Amino acid sequence: GEPADGVVHIPGWLDTDRQAELVDACREWARPPAGMRHIRLPGGGVMSVRTVCLGWHWEPYRYVREVGGEPVKPFPPLLTELGRRAVTDSYGQDGGYAPDVALVNFYDDTAKMGLHQDRDERSMAPVVSLSLGDTGVFRLGNTAGRGRPWTDLHLESGDLLVFGGPSRLVYHGVTKILPGTGPGGIGLDGGRLNITLRESGLPR
Ligand code: MD3
Ligand code: FE
Numbered sequence: 010g011e012p013a014d015g016v017v018h019i020p021g022w023l024d025t026d027r028q029a030e031l032v033d034a035c036r037e038w039a040r041p042p043a044g045m046r047h048i049r050l051p052g053g054g055v056m057s058v059r060t061v062c063l064g065w066h067w068e069p070y071r072y073v074r075e076v077g078g079e080p081v082k083p084f085p086p087l088l089t090e091l092g093r094r095a096v097t098d099s100y101g102q103d104g105g106y107a108p109d110v111a112l113v114n115f116y117d118d119t120a121k122m123g124l125h126q127d128r129d130e131r132s133m134a135p136v137v138s139l140s141l142g143d144t145g146v147f148r149l150g151n152t153a154g155r156g157r158p159w160t161d162l163h164l165e166s167g168d169l170l171v172f173g174g175p176s177r178l179v180y181h182g183v184t185k186i187l188p189g190t191g192p193g194g195i196g197l198d199g200g201r202l203n204i205t206l207r208e209s210g211l212p213r
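Counting from 10, one number per residue, gives the positions in the sequence shown under full-length UniProt numbering.
Right under this line is the structure:
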């Protein structure tokens with residue numbers, strides 16, 4: 010479905026085997042060095058989600074090649090292939106989609122992500138989001154600011170959400186996780202994983 014201009018939501022896009030494969034991969038990516046961590050905010054707080062980045066590490070307001078003095082893990086070919094299929098299934102063609110950054114976010118039962126824009130990328134290529142595990146309540150806002158109107162969507166395990174064109178700069182966030190809603194058989198006990206694929210627009 011298309012909840013807004015340029016936004017495509019395809020529930021159940023990943024089958025159970027593919028979800029299990031990605032959960033397994035996330036577990037590997039989460040390991041040190043350059044593993045999963047709470048990202049520090051400029052004001053001194055930390056994000057409630059835990060994040061591991063591939064290709065480039067995101068920190069407010071830039072992408073860097075190292076985290077905690079360690080090189081960021083490489084961007085895996087598996088995610089290039091998935092990203093191209095996601096964009097093709099959403100818009101009918103992949104447009105030469107070449108993601109070079111993945112952010113893998115882990116939400117425990119209490120984690121949230123406040124309304125924000127993703128504007129640290131120099132490319133306006135689409136963002137591809139894949140959800141695994143417990144359902145997240147995703148708030149899709151507008152480009153003008155953090156206020157209404159917004160639409161709340163349930164993102165379930167296996168769902169694909171693609172943001173392109175006019176929706177690339179919308180405010181969005183995750184207001185809550187619904188504990189105990191994830192499927193069995195994917196190797197994730199509790200919590201929610203979200204993988205976003207992006208083009209940084211940076212060299213190499
Ligand atoms: C719309 N992640 O990592 S995924 C993020 O569920 C982020 O972890 C949320 O927002 C999560 O920045 C939402 C859907 C999403 C991701 C990136 C977007 C929507 C987006 C970038 C631009 C517009
Ligand atoms: Fe975001």
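From the three backbone atoms N, C-alpha and C, an ideal C-beta is built for every residue, glycine too.
Bear in mind that the values here come from a model prediction, so they are computed numbers and not experimental data.
With a threshold of 7 Å, establish whether the CB of residue i neighbours any heavy atom of the ligand MD3.
i	result
Asn151	no
Met133	no
Leu112	yes
Leu187	no
Thr205	yes
Arg71	no
Gly21	no
Under DSSP, the beta strand (DSSP E) around residue i begins and ends at which residues?
i	result
Ala111	Val110 to Tyr116
Ser140	Val136 to Gly142
Glu130	No beta strand (DSSP E) contains Glu130, which DSSP labels as neither H nor E.
Tyr72	Arg71 to Val73
Asn151	Per DSSP, Asn151 belongs to no beta strand (DSSP E) and is neither H nor E.
Leu164	Thr160 to Leu164
Met122	Met122 to His125
Thr60	Arg59 to Leu63
Glu68	His66 to Glu68
CB of residue i to nearest heavy atom of the ligand FE: below 7 Å?
i	result
His125	yes
His66	no
His18	no
His181	yes
To the nearest angstrom, report how far apart residue i and residue j are at their CA atoms.
i	j	result
Gly78	Ser132	26 Å
Asp24	Gly167	7 Å
Ala111	Gly189	26 Å
Asp30	Gly154	Here the sequence assigns Glu to residue 30, which means Asp is not the residue at that position. Roughly 37 Å between the two C-alpha positions.
Thr144	Arg213	35 Å
Phe115	Leu124	17 Å
Arg128	Leu50	16 Å
Val73	Lys82	12 Å
In the DSSP assignment, the alpha helix (DSSP H) including residue i goes from what residue to what residue?
i	result
Val96	Pro86 to Tyr100
Thr25	Thr25 to Ala39
What does residue i pair with, by DSSP beta-bridge criteria?
i	result
Lys185	Val146
Arg201	Tyr116 and Gly142
Arg207	Val110
Leu170	His18 and Ser138
Glu79	Val76
Arg49	Val55
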